[in-house]
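Take a look at the structure below.
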(Lines of atoms letter the chains of each structure in order from A; the text may use other names.)
(Lines give C-alpha, C1' and ligand atoms only; values in the text may rest on other atoms or scores of the structure.)
Protein backbone atom coordinates (compact mmCIF):
# COMPACT_ATOMS: atom_id res chain seq x y z
CA UNK A 382 0.00 0.00 0.00
CA UNK A 383 1.40 3.36 -1.01
CA UNK A 384 1.88 6.18 1.46
CA UNK A 385 -0.07 9.41 1.93
CA UNK A 386 2.63 11.49 0.12
CA UNK A 387 2.65 9.18 -2.92
CA UNK A 388 -1.16 9.17 -3.10
CA UNK A 389 -1.15 12.95 -2.81
CA UNK A 390 1.35 13.27 -5.68
CA UNK A 391 -0.81 10.98 -7.81
CA UNK A 392 -3.90 13.16 -7.19
CA UNK A 393 -1.92 16.32 -8.00
CA UNK A 394 -0.78 14.76 -11.29
CA UNK A 395 -4.35 13.77 -12.14
CA UNK A 396 -5.58 17.29 -11.43
CA UNK A 397 -2.92 18.71 -13.77
CA UNK A 398 -3.88 16.21 -16.48
CA UNK A 399 -7.58 17.03 -16.13
CA UNK A 400 -7.00 20.80 -16.23
CA UNK A 401 -4.90 20.42 -19.36
CA UNK A 402 -7.81 18.69 -21.08
CA UNK A 403 -10.42 21.15 -19.82
CA UNK A 404 -8.43 24.06 -21.25
CA UNK A 405 -8.87 22.66 -24.77
CA UNK A 406 -11.49 24.65 -26.78
CA UNK A 407 -13.54 21.56 -27.70
CA UNK A 408 -14.33 20.93 -24.01
CA UNK A 409 -16.60 23.96 -23.62
CA UNK A 410 -19.81 21.87 -23.68
CA UNK A 411 -18.66 19.03 -21.38
CA UNK A 412 -20.39 20.57 -18.35
CA UNK A 413 -17.24 21.23 -16.32
CA UNK A 414 -14.92 24.23 -16.60
CA UNK A 415 -11.15 24.47 -16.17
CA UNK A 416 -11.75 27.25 -13.62
CA UNK A 417 -13.66 24.86 -11.35
CA UNK A 418 -10.92 22.24 -11.59
CA UNK A 419 -8.21 24.83 -10.92
CA UNK A 420 -10.12 26.02 -7.83
CA UNK A 421 -10.40 22.44 -6.55
CA UNK A 422 -6.69 21.88 -7.23
CA UNK A 423 -5.81 25.04 -5.29
CA UNK A 424 -7.78 23.84 -2.26
CA UNK A 425 -6.16 20.42 -2.49
CA UNK A 426 -2.67 21.97 -2.66
CA UNK A 427 -3.38 23.97 0.50
CA UNK A 428 -4.40 20.76 2.26
CA UNK A 429 -1.38 18.84 0.93
CA UNK A 430 1.05 21.47 2.22
CA UNK A 431 -0.28 21.31 5.77
CA UNK A 432 -0.85 17.67 6.61
CA UNK A 433 0.89 15.19 8.87
CA UNK A 434 -1.45 12.46 9.99
CA UNK A 435 0.07 9.19 11.20
CA UNK A 436 -2.78 8.56 13.66
CA UNK A 437 -5.56 8.66 11.06
CA UNK A 438 -3.56 7.57 8.03
CA UNK A 439 -6.06 4.84 7.06
CA UNK A 440 -8.99 7.25 6.68
CA UNK A 441 -6.87 9.71 4.73
CA UNK A 442 -5.48 7.09 2.35
CA UNK A 443 -9.03 5.86 1.68
CA UNK A 444 -10.14 9.43 0.89
CA UNK A 445 -7.14 9.95 -1.40
CA UNK A 446 -7.93 6.67 -3.20
CA UNK A 447 -11.54 7.83 -3.71
CA UNK A 448 -10.32 11.21 -4.94
CA UNK A 449 -7.92 9.58 -7.41
CA UNK A 450 -10.68 7.28 -8.68
CA UNK A 451 -13.09 10.21 -9.17
CA UNK A 452 -10.42 12.22 -10.99
CA UNK A 453 -9.76 9.26 -13.26
CA UNK A 454 -13.50 8.94 -14.03
CA UNK A 455 -13.75 12.66 -14.85
CA UNK A 456 -10.69 12.35 -17.08
CA UNK A 457 -12.26 9.42 -18.95
CA UNK A 458 -15.39 11.45 -19.67
CA UNK A 459 -13.44 14.62 -20.52
CA UNK A 460 -11.17 12.73 -22.94
CA UNK A 461 -14.26 11.10 -24.50
CA UNK A 462 -13.15 7.68 -23.33
CA UNK A 463 -16.58 7.25 -21.75
CA UNK A 464 -20.00 8.78 -22.32
CA UNK A 465 -21.16 11.54 -19.97
CA UNK A 466 -24.43 9.92 -18.94
CA UNK A 467 -27.34 12.21 -18.09
CA UNK A 468 -30.83 11.82 -16.69
CA UNK A 469 -33.79 13.81 -15.41
CA UNK A 470 -33.72 14.70 -11.72
CA UNK A 471 -37.31 13.55 -11.12
CA UNK A 472 -36.43 10.08 -12.46
CA UNK A 473 -33.48 9.78 -10.08
CA UNK A 474 -35.56 10.88 -7.09
CA UNK A 475 -38.69 8.81 -7.89
CA UNK A 476 -39.48 6.70 -4.82
CA UNK A 477 -41.25 3.31 -4.62
CA UNK A 478 -44.69 4.83 -3.92
CA UNK A 479 -44.47 7.05 -6.99
CA UNK A 480 -43.41 4.11 -9.14
CA UNK A 481 -46.43 2.16 -7.88
CA UNK A 482 -48.75 4.97 -9.05
CA UNK A 483 -47.44 4.54 -12.57
CA UNK A 484 -48.93 6.89 -15.20
CA UNK A 485 -50.54 9.16 -12.58
CA UNK A 486 -47.15 10.00 -11.08
CA UNK A 487 -45.73 10.48 -14.58
CA UNK A 488 -48.41 13.04 -15.40
CA UNK A 489 -47.71 14.96 -12.17
CA UNK A 490 -43.96 14.90 -12.75
CA UNK A 491 -44.36 16.10 -16.34
CA UNK A 492 -45.94 19.30 -15.07
CA UNK A 493 -42.84 20.30 -13.11
CA UNK A 494 -39.57 21.62 -14.46
CA UNK A 495 -37.03 18.86 -14.99
CA UNK A 496 -33.46 19.40 -13.87
CA UNK A 497 -30.98 17.26 -15.79
CA UNK A 498 -28.40 15.24 -13.88
CA UNK A 499 -24.93 14.99 -15.42
CA UNK A 500 -22.55 12.20 -14.42
CA UNK A 501 -19.49 14.44 -14.70
CA UNK A 502 -21.13 17.02 -12.40
CA UNK A 503 -21.99 14.33 -9.84
CA UNK A 504 -18.46 12.92 -9.90
CA UNK A 505 -16.93 16.39 -9.58
CA UNK A 506 -19.22 17.05 -6.59
CA UNK A 507 -17.70 13.95 -4.96
CA UNK A 508 -14.24 15.43 -5.64
CA UNK A 509 -15.25 18.59 -3.78
CA UNK A 510 -16.64 16.46 -0.92
CA UNK A 511 -13.39 14.48 -0.68
CA UNK A 512 -11.33 17.69 -0.42
CA UNK A 513 -13.72 19.07 2.22
CA UNK A 514 -13.33 15.88 4.26
CA UNK A 515 -9.54 16.06 3.96
CA UNK A 516 -9.67 19.57 5.42
CA UNK A 517 -11.85 18.26 8.28
CA UNK A 518 -9.16 15.71 9.07
CA UNK A 519 -6.59 18.53 9.05
CA UNK A 520 -8.60 20.33 11.74
CA UNK A 521 -8.72 17.16 13.85
CA UNK A 522 -4.96 16.71 13.48
CA UNK A 523 -4.26 20.35 14.30
CA UNK A 524 -6.40 20.15 17.45
CA UNK A 525 -4.68 16.93 18.53
CA UNK A 526 -1.26 18.49 17.97
CA UNK A 527 -2.21 21.52 20.08
CA UNK A 528 -3.48 19.31 22.92
CA UNK A 529 -0.33 17.22 22.72
CA UNK A 530 1.84 20.34 22.94
CA UNK A 531 -0.04 21.61 25.98
CA UNK A 532 0.42 18.22 27.65
CA UNK A 533 4.13 18.17 26.87
CA UNK A 534 4.53 21.76 28.04
CA UNK A 535 2.79 20.83 31.30
CA UNK A 536 5.16 17.89 31.74
CA UNK A 537 8.09 20.17 31.02
CA UNK A 538 6.92 22.64 33.68
CA UNK A 539 6.98 19.83 36.25
CA UNK A 540 10.51 18.83 35.27
CA UNK A 541 11.86 22.40 35.23
CA UNK A 542 9.23 24.78 36.66
CA UNK A 543 9.32 28.52 36.20
CA UNK A 544 9.29 30.72 39.30
CA UNK A 545 5.77 32.20 39.38
CA UNK A 546 6.57 34.88 41.99
CA UNK A 547 7.84 37.28 39.33
CA UNK A 548 4.56 37.07 37.41
CA UNK A 549 2.48 37.36 40.60
CA UNK A 550 4.36 40.52 41.53
CA UNK A 551 3.93 41.83 37.98
CA UNK A 552 0.13 41.34 38.15
CA UNK A 553 0.04 43.00 41.57
CA UNK A 554 1.96 45.99 40.21
CA UNK A 555 -0.12 46.14 37.02
CA UNK A 556 -3.46 45.99 38.84
CA UNK A 557 -2.97 47.60 42.29
CA UNK A 558 -6.75 47.82 42.80
CA UNK A 559 -6.84 44.05 43.30
CA UNK A 560 -4.56 44.38 46.34
CA UNK A 561 -6.73 47.10 47.84
CA UNK A 562 -9.83 44.89 47.56
CA UNK A 563 -8.15 41.97 49.32
CA UNK A 564 -8.24 39.93 46.14
CA UNK A 565 -4.90 38.24 46.75
CA UNK A 566 -6.24 34.91 45.46
CA UNK A 567 -7.04 36.52 42.09
CA UNK A 568 -3.59 38.10 41.88
CA UNK A 569 -1.98 34.70 42.46
CA UNK A 570 -4.24 32.95 39.98
CA UNK A 571 -3.54 35.50 37.24
CA UNK A 572 0.18 35.46 37.98
CA UNK A 573 0.36 31.67 37.79
CA UNK A 574 -1.63 31.70 34.55
CA UNK A 575 0.94 34.07 33.04
CA UNK A 576 3.71 31.74 34.20
CA UNK A 577 2.02 28.75 32.57
CA UNK A 578 1.66 30.71 29.36
CA UNK A 579 5.35 31.64 29.37
CA UNK A 580 6.22 27.98 29.98
CA UNK A 581 4.08 26.91 27.02
CA UNK A 582 5.58 29.54 24.71
CA UNK A 583 9.08 28.44 25.69
CA UNK A 584 8.18 24.84 24.90
CA UNK A 585 6.80 25.85 21.48
CA UNK A 586 9.92 27.92 20.72
CA UNK A 587 12.22 25.04 21.72
CA UNK A 588 10.11 22.61 19.70
CA UNK A 589 10.30 24.73 16.53
CA UNK A 590 14.06 25.16 16.94
CA UNK A 591 14.40 21.40 17.25
CA UNK A 592 12.27 20.79 14.14
CA UNK A 593 14.23 23.40 12.17
CA UNK A 594 17.46 21.50 12.81
CA UNK A 595 16.01 18.24 11.44
CA UNK A 596 16.21 17.44 7.71
CA UNK A 597 12.93 18.31 5.92
CA UNK A 598 11.27 16.08 3.33
CA UNK A 599 10.35 17.71 0.01
CA UNK A 600 7.34 15.43 -0.47
CA UNK A 601 3.84 16.82 0.18
CA UNK A 602 2.14 15.69 3.33
CA UNK A 603 5.02 16.11 5.77
CA UNK A 604 4.47 19.61 7.16
CA UNK A 605 3.06 20.01 10.65
CA UNK A 606 0.39 22.64 11.17
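Numbering (the numbering used here), first residue to last: 382 to 606.
Each residue gets a CB set at the ideal place from its N, CA and C atoms; glycine is no exception.
Exclusion of the five residues before and after residue 415 leaves 400, 403, 404 as the residues of its chain whose Cβ lies within less than 6 Å of its Cβ.
Counting along the chain, residue 464 sits inside no alpha helix (DSSP H), nor does DSSP assign it H or E at all. Rounded to whole angstroms, residue 441 and residue 419 show a C-alpha spacing of 22 Å. According to the DSSP assignment, residue 402 belongs to the alpha helix (DSSP H) that extends over 385 to 403. In the three-state reduction of the DSSP assignment, residue 413 falls in the coil class. Cβ atoms of residue 543 and residue 579 come within 8 Å of each other, at about 6 Å. Take the alpha-carbon of residue 548 and the one of residue 576: they are about 6 Å apart. Contact between residue 411 and residue 501 holds: CB atoms are separated by about 6 Å, below the 8 Å threshold. Residue pairing from DSSP places residue 498 in a beta bridge opposite 468.
Excluding residues up to 5 positions away in sequence, 549, 552, 553, 556, 559, 560 lie with their Cβ nearer than 8 Å to the Cβ of residue 568 in the same chain. Per DSSP, the continuous alpha helix (DSSP H) segment holding residue 558 begins and ends at 557 to 561. Contact annotation: residue 449 and residue 391 have beta-carbon atoms nearer than 9 Å. DSSP places residue 513 in the helix class (H, G or I) of the three-state scheme. For residue 385, the closest alpha carbon among the candidates 438, 582, 510, 504 is that of 438. Exclusion of the five residues before and after residue 451 leaves 504, 505, 507, 508, 511 as the residues of its chain whose Cβ lies within less than 8 Å of its Cβ. For residue 454, the enclosing alpha helix (DSSP H) stretches over residues 438 to 459. Between residue 455 and residue 422, the C-beta spacing is not below 9 Å.
By a beta-carbon distance limit of 8 Å, residue 453 does not contact residue 388. Their separation comes to about 13 Å.
When only Cα atoms are considered, residue 515 and residue 397 end up about 19 Å apart.
DSSP, reduced to helix, strand and coil, places residue 430 outside both helices and strands of the structure shown, so it counts as coil.
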